[in-house]
Amino acid sequence: MESCSVLIVGGGPAGLTIARWIGKGAVVVHQDAEIGLPVRTSGGSWKRHIDALGIPASLYQVINTLRFATDDEERLFDFERETAVVLDITGTYRYLAAQAESAGAEIRCRQKFVSIDMETASHVISTIEDGDRTYQVKSEVVIDASGYWRAVMSHIDKGVYDRHGIGSEYEYEDLSPRSDIATLLVGGRYTNPGYGWVFPTNKKTVRVGVGHARPDTLLSPKISLEKLIHSDYLQSIDVVTGECVSKHGGVIPNWGPCTQFGRGRIIGVGDSVGQALPTVGEGIRYCIEVGNYVGALLVDCVRSNGNPEAVTANYTKWWNKRYRRSFNASQWLNEKISAYTNDDWNRGLHRLARVKPDDFARMVQADISPTVALRIAIANRDLPGKILKVLAGK
Ligand SMILES: Cc1cc2nc3c(=O)[nH]c(=O)nc-3n(C[C@H](O)[C@H](O)[C@H](O)COP(=O)(O)OP(=O)(O)OC[C@H]3O[C@@H](n4cnc5c(N)ncnc54)[C@H](O)[C@@H]3O)c2cc1C
């Protein structure tokens, strides 16, 4: 049986970030044929956070304006400081993978984690599938970074949860006049209940997608997306598409953050423990941030032959302090807006009319300070106080 210090299940942003910390001694098993493909996400995020995580500017498209729209109304938010970005997903994941490999980590594609066979006080034995054969790996720690599927965590708690988002996205050559304007589409004929997006990339392509929440609706995002694409909506917002270059689909947890991030020598990170912000399904930057935090703790733990349960306890405390309130609030809002009608969205858009673009950006990030909350409340007396309180994490 082979052995390693840390077995990482899943080569997405969470797993790859931990691998680059551990370096030699980390083995990543990734069930797909390569890192970063197929794409299962649309890559929207915020420049300030992505820069702070050290992702090079060559790996994203800057978005200066966000169009927030229903079928009937739209509001353009021209950001000043809170610029948005659309990540080159394949490029970003491969960048993280290259860093992990140059630190000495081993990344094995087409290898699927199957089961935990034994847990003792000093190690875990896992079974990995490699095509037709299986083999066992003995490791001090197992990281579940397998995303929505929770390949390892589901052995220690209730498995895959009911509430999730399911998205379909087509990527086209982008012939539009502007590549720095993104659109979030809510309500209406194509996306309700759910939302749509039009995200230009730094590769002269544009991603058009629709996501629906399960079990709130059984609508197929692919059918909704086809309706959107064949409507005159894209033309009406000056989005001109050429050839379709790829089609993507993905699933995202929408059950809110798990209460337990690990047990014994098993630690869950990223989507496997519900760490994608529920309102807009933004997860990538949180995965990298958590990967950095847990990775640094694990390096010490492995070096000193320490107790991984102390890593989980420290990491859970840090995450709860930093994010649990805003994630719980975002989950509350996600469930509320999932029931919105087109009229509700139109009313919502009117209420946002006087919100400053950068404050709106903070609302989308579920990260508004009491000062910003007060500023928004004064300018928008008809905005429900409950929503502001929730977004401020109160
Ligand atoms: C339609 C859609 C749109 C999204 N849009 C955005 C967005 O605009 N911005 C944003 O920040 N986030 C977005 N997200 C969320 C984001 O994609 C996730 O939060 C993020 O990818 C989670 O990263 P992760 O590393 O936890 O898991 P993943 O990225 O899911 O990576 C896990 C990997 O593990 C592999 N794996 C699974 N099971 C096993 C196994 N048994 N053995 C080995 N490998 C396994 C999977 O194949 C997968 O590649 C979106 C998600 C979806 C579905």
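Here the sequence shown is numbered in our numbering, starting from 25 and rising by one per residue.
Glycine is no exception: its CB is placed at the ideal position from the N, C-alpha and C atoms.
Original post:
From 261, 215, 226, pick the residue whose C-alpha is nearest to that of residue 250; which is it?
Top reply: 215
Subject >> Rounded C-alpha distance that separates residue 102 from residue 206 >> reply: 11 Å
**OP:** On a CA-only basis, which of 150, 346, 212, 381 is nearest residue 2? Give me that one, please.
**Re:** This structure gives no information on residue 2, because the portion of the chain shown stretches from 25 to 418.
Original post:
With a CB to CB cut of under 6 Å and the five nearest residues on each side skipped, what residues in its chain are close to residue 189?
Top reply: 235, 237, 276, 278, 305
Original post:
Looking at the structure shown, is residue 25 part of a helix, part of a strand, or coil, going by DSSP?
Top reply: coil
**OP:** Consider the C-beta atom of residue 389 and the heavy atoms of ligand 1; say whether any pair is separated by less than 7 Å.
**Re:** no
Subject >> Rounded separation between residue 99 and residue 35 - CA only >> reply: 37 Å
**OP:** Using a threshold of 8 Å, state whether the C-beta atoms of residue 52 and residue 43 are closer than that.
**Re:** yes
**OP:** Could you say if the stretch 106 to 114 and the stretch 63 to 72 meet the contact criterion of at least three C-beta pairs nearer than 8 Å?
**Re:** yes
**OP:** Identify the continuous beta strand (DSSP E) that holds residue 97 and give its terminal residues.
**Re:** No beta strand (DSSP E) holds residue 97; DSSP gives it neither H nor E.
**OP:** Compare the Cα-Cα distances from residue 273 to each of 150, 130, 145, 172 and report the closest residue.
**Re:** 172
Original post:
Is residue 328 closer than 8 Å to residue 390 when the C-beta atoms are compared?
Top reply: no
Subject >> CA-to-CA distance, residue 253 to residue 180, given in whole angstroms >> reply: 42 Å
Original post:
Comparing alpha-carbon positions, which option in 151, 168, 155, 170 lies nearest residue 161?
Top reply: 151
Original post:
Can the beta-carbon of residue 208 be found closer than 8 Å to that of residue 196?
Top reply: no
**OP:** Specify the secondary structure class of residue 108 as computed by DSSP and reduced to three states.
**Re:** strand
Subject >> Beta-ladder partner(s) of residue 167, from DSSP >> reply: 32, 291
Subject >> Straight-line Cα distance separating residue 140 from residue 320 >> reply: 25 Å
Original post:
In angstroms, rounded to a whole number, what distance separates the CA positions of residue 117 and residue 241?
Top reply: 31 Å
Original post:
Start and end of the alpha helix (DSSP H) containing residue 383?
Top reply: 381 to 388
**OP:** Please check the pair residue 403 and residue 379, which I expect to be a contact at CB under 8 Å, by giving their CB distance rounded to whole angstroms.
**Re:** 7 Å
**OP:** Can you tell me which of the three DSSP states residue 239 falls into?
**Re:** coil
Subject >> alpha helix (DSSP H) segments (min. 4 residues) lying fully within the stretch 297 to 355 >> reply: 308 to 327, 332 to 343
Original post:
What is the DSSP secondary structure of residue 141, reduced to helix, strand or coil?
Top reply: strand
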